[in-house]
Every structure is written in C-alpha cells, then in structure tokens.
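As they're listed, the protein sequences go chains Y and C. When we follow this note's numbering, the leftmost residue of the first sequence carries the number 38, and every step to the right adds one. When we follow this note's numbering, the leftmost residue of the second sequence carries the number 245, and every step to the right adds one. Heads up, the beta-carbon is just placed ideally off N, CA and C, and yes, glycines get one too. Here is the structure we will look at, set down as structure tokens.
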Amino acid sequence: MATNQASTWKAWLAENGPRLLVFARGWGNSQQDAEDLLQEAILRLWNYQQDRGGEPPDLPLVYSTIRFCGLNLHRSETRRKKREEAIVYLNDFQDVWLDPVLEDDEEALLLRDAVESLSPKLREVVVVKTWGNQTFLQISEALAISPNTAASRYRYALEQLAHELRRLKEARHASA
Amino acid sequence: MQAPDPIETILARLMPPALSQSGQRSIEAMLDELAAATPRKSSPGSLKPQWVRRFSLPLGIAASLAALLALVPRSAQVTPPLAMHHPSADNKGSGLVLVSESDRIEAMSDEGWVADPDGTAMQAVRVRVVEANTLRDEETGIVVQVSDPRDEMILTPVTMF
C-alpha cells in the first residue's frame, strides 16, 4: 500500500513537476532553490493529504502551498542576503525559467526575458494560467484573490508583455 | 470562440524545464521515506468524518483537564487553576513530612508555528508550570510550602493548515 502511494505521488510529480517548478522559480533565485521549495511544499502536502486518503492534491492547493513556503523562504532569504552582500557569485551555466520549444526562436526567447521581468503579482498569474492550465477560478483559489482580479492581472500582464516584446525587438534591431 | 492573443501564442512556444536529476531523485527518495513511515490504515471506511477529527482533539484536552481537576483535593486551602496532586510521601529521615505535592499550570500562551530541525511545522504552546511542595516539620509543626516555577514548550506536529 505504502509503495503504491509513493508510486502514485511519483507519477503525479512526473506529470506536474515542471509546471510547479516554474511557479516556484518566482520565489527562488535559482532552479536549485525552486526545487528545494517544491520539495518542502510536497512534504507539507503529503502530511496534509494523509487525513484525506493520501492521494496527491489538486493543483490550486499545491500552488498556494508553494506560495506559502515561498513567503517563508523570502523572509529568511532577505536576512541571508544582508549577510552575504559582499559575496559575488559567478555562474557559468544558463539558469533559465523557461525553454523555447524550438531552438533559435528569437521571439520566444525575448518573451521569456519579459516574463521573468514581470512584477511577481502579474507573473504568478501568467505562470499558473499558461503552464498550469488553470482557470481564473482555480487561480483565485491558489493565489487568494478574486477571479476578476486574476483575469484583470492576466490581461494587464499580456499588455505589458506585448509592450516589452516590442521594446526588446526595437532595441535588438537598433543594435544590429 | 475568441482568437488567442498573439502573446499567448508566443507563450505557448515556451515550456517549463524539467526538474534536475538530483532534484527529482531527492523528492522521490523523500516520497519513499514518507510512504515507508506512513502507518497502514485498516480500511477507507474506518476513516472518521471530518467533524469528528476536528473536534476530537479539543474534546480530548477538555476531558483531560476535567479529570485532572477532579484529582485536586477539595479541602486544599489554595485552589490552583489546574493541579496534579501526587500522593504524599513521608520523609522521616530529615524530620520533614511531605504533606502535598502538585504541579500547577499558571499560564499558557500560543507561540504560533515553529519548524523543527527536519523542517516539519510544529504548533508551539508555552506553558508556565509551578511545582509546589508542602512540607511539615514534625518537631516544630511549622508547615512550609516550596514553589518551583518553570517554563515548558509543548510542540505538536501540524497536520492541517
């Protein structure tokens, strides 16, 4: 029974891991941080679900738990950053939130940068809607906002992304 | 049907990366450990209804407090808010007789959630306990009460949040 439960959760993780990871990226500085955050959320959810039959949870609950863990992490991270301001980190690897489906998709790569630079409130709605495939009602449950707020934030985010994409394209053509 | 926004079309050409191998392994190992540590349930039908689970803990605490209060001797001169009375024991070697012995909870305060070293969320409750021993000197008949206050922190794993 215990083995079956672990297998069910692993299959659930394999199906949903990437979409949860990209949401967790909003709270971590690196993919490693995001994976740690996801692991913490899964640990909490495992214990929570034991009283409810032990099945993997619905995605809105997972998103809200990641958000809760992220807020805790953010508080401790702020304190840590103050201690480590003098240290310079050098990364020789590309640590990105999203990958283009096709290589050399310039437009998609530009938009990826624009998504990363969105404000956290707008970005989390875009991430949950686009890669989490959640409705505005589900997003409202996950992020503790009204469905109308979720929809308006999404529309506003798309406008900002369109504006930023135009700006990045113009800047690239000007420098070419 | 509404045509997708051009930005949505481009967003669809991006996909989230998979978890790293080490990250995936770490979470899967954790799931295996959790599954191994999970007690086996007898049958799904034996699950208690939600309201029973919600009220069982407070009712249990209330029943325990009632039982403890019933143990307090009614003839005691000072009635503590909550006390655990222990049978008295003579200490004849020193000429002192232990008349009564009790642990009294003076105050309780909710300290919120804390994380234990494993990262598990725990509900913390700070309890101020006063241990009071009443002694009588057999020669002089003087009765002395010795109080020893102490703070205790009770941690309970949080399974619902």
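Taking CB distances under 7 angstroms as the criterion, tell me whether Leu135 (chain Y) reaches chain C.
Yes, because at least one Cβ of chain C sits closer than 7 angstroms to the Cβ of Leu135 (chain Y).
Around the Cβ of Val163 (chain Y), are there at least 16 other Cβ atoms within 10 angstroms (buried) or fewer (exposed)?
It is buried - the Cβ of Val163 (chain Y) has at least 16 other Cβ atoms within 10 Å.
Quick check: the Cα distance between Arg81 (chain Y) and Thr364 (chain C), rounded to an integer number of angstroms?
So the alpha carbons of these two residues sit roughly 8 angstroms apart.
When Cβ atoms are compared, which residues of the stretch 81–92 of chain Y fall closer than 8 angstroms to chain C?
Here the close residues are Arg81, Trp83, Asn84, Tyr85, Gln87, Asp88, Gly90 and Gly91.
Is Gly65 (chain Y) buried or exposed, if buried means 16 or more other CB atoms sit within 10 Å of its CB?
Buried is the call here.
Flag Pro261 (chain C) as yes if its beta-carbon sits less than 7 angstroms from any beta-carbon of chain Y, otherwise no.
Judged by the 7 angstroms Cβ criterion, Pro261 (chain C) is in contact with chain Y.
Since Trp64 (chain Y) is in the alpha helix (DSSP H), which residue starts that stretch and which ends it?
No alpha helix (DSSP H) holds Trp64 (chain Y); DSSP gives it neither H nor E.
Report the neighbours of Met274 (chain C) on chain Y: residues whose CB is nearer than 9 angstroms to its CB, in chain order.
Those within 9 angstroms of Met274 (chain C) in chain Y are Gln76, Ile79, Leu80 and Trp83.
Please decide whether Ala247 (chain C) counts as near chain Y, where near means a Cβ-Cβ distance under 7 angstroms.
False, the Cβ-Cβ gap to chain Y never drops below 7 angstroms.
Is the separation between the beta-carbon of Arg370 (chain C) and that of Ser346 (chain C) shorter than 7 angstroms?
Cβ atoms of Arg370 (chain C) and Ser346 (chain C): not closer than 7 angstroms.
Can you tell me whether DSSP reads Ser346 (chain C) as helix, strand or coil?
Here Ser346 (chain C) sits in strand by DSSP.
Determine whether the Cβ of Ile386 (chain C) lies closer than 7 angstroms to any Cβ atom of chain Y.
Taking Cβ atoms only, chain Y never reaches closer than 7 angstroms to Ile386 (chain C), which makes this a no.
Kindly indicate if chain C contains any beta-carbon less than 7 angstroms away from that of Lys166 (chain Y).
Not one chain C Cβ lies under 7 angstroms of Lys166 (chain Y).
Report yes if the C-beta distance between Trp168 (chain Y) and Val99 (chain Y) is below 7 angstroms; otherwise report no.
Cβ distance not < 7 angstroms, so Trp168 (chain Y) and Val99 (chain Y) don't count as in contact.
Nearest chain C C-beta to Glu302 (chain Y) closer than 7 angstroms, yes or no?
This structure cannot speak to residue 302 (chain Y), because chain Y is shown only from 38 to 213.
Is the beta carbon of Leu263 (chain C) sitting closer than 7 angstroms to the one on Gly54 (chain Y)?
For Leu263 (chain C) and Gly54 (chain Y), yes; Cβs fall inside 7 angstroms.
Look up Pro93 (chain Y) in the DSSP assignment and say whether it is helix, strand or coil.
DSSP places Pro93 (chain Y) in coil when its eight states are reduced to three.
Less than 7 angstroms between CB atoms is the rule here; does Lys47 (chain Y) satisfy it with respect to chain C?
Yes, Lys47 (chain Y) counts as interfacial toward chain C.
Find the residues of chain C that neighbour Glu178 (chain Y), judging by a C-beta separation of less than 7 angstroms, and give them in chain order.
In chain order: nothing, as chain C lies at least about 15 angstroms away.
What is the residue span of the alpha helix (DSSP H) that Arg192 (chain Y) lies within?
Here the alpha helix (DSSP H) through Arg192 (chain Y) covers Pro184 to Ser212.
Kindly say whether Ala279 (chain C), judged by its beta-carbon, lies nearer than 7 angstroms to any beta-carbon of chain Y.
It does; some Cβ of chain Y falls within 7 angstroms.
Check the Cβ-Cβ distances between Arg370 (chain C) and every residue of chain Y, and say whether any is below 7 angstroms.
With 7 angstroms as the cut-off, Arg370 (chain C) does not count as an interface residue toward chain Y.
Using a beta-carbon distance below 7 angstroms, is Thr378 (chain C) in contact with chain Y?
Not one chain Y Cβ lies under 7 angstroms of Thr378 (chain C).
Does the beta carbon of Leu58 (chain Y) come closer than 7 angstroms to any beta carbon on chain C?
Taking Cβ atoms only, chain C reaches closer than 7 angstroms to Leu58 (chain Y), which makes this a yes.
Compare the C-beta of Thr403 (chain C) against all C-beta atoms of chain Y and say whether one is closer than 7 angstroms.
Output row for Thr403 (chain C): interface = yes.
By a C-beta neighbour count over all protein chains shown, 10 Å radius and 16 as the cutoff for buried, is Glu77 (chain Y) buried or exposed?
Buried, because 16 or more other Cβ atoms sit within 10 Å of the Cβ of Glu77 (chain Y).
Quick check: what's the CA-CA separation for Asp73 (chain Y) versus Leu159 (chain Y)?
Taking the straight line joining both Cα atoms gives about 23 angstroms.
Name the residue from Y:Ile79, Y:Arg56, Y:Leu57 and Y:Ser67 whose alpha carbon lies nearest to the alpha carbon of Met274 (chain C).
It is Y:Ile79.
From the DSSP output, which residues share a beta bridge with Asn377 (chain C)?
Looking at the DSSP assignment, Asn377 (chain C) forms a beta bridge with C:Glu345 and C:Val390.
Return the CA-CA distance between Ala145 (chain Y) and Glu396 (chain C), expressed in angstroms with no decimal places.
In a straight line, the C-alpha of Ala145 (chain Y) is about 58 angstroms away from that of Glu396 (chain C).
Does Glu277 (chain C) pass the burial test, meaning 16 or more other C-beta atoms within 10 Å, or should it be called exposed?
It counts as exposed.
Shortest alpha-carbon distance to Trp357 (chain C) belongs to which of C:Ala281, C:Val402, C:Ala279 and C:Asp392?
Of the listed residues, the one whose Cα sits closest to Trp357 (chain C) is C:Val402.
In this structure, how does DSSP classify Ala262 (chain C) when only helix, strand and coil are distinguished?
Of the three classes helix, strand and coil, the one that applies to Ala262 (chain C) here is coil, per DSSP.
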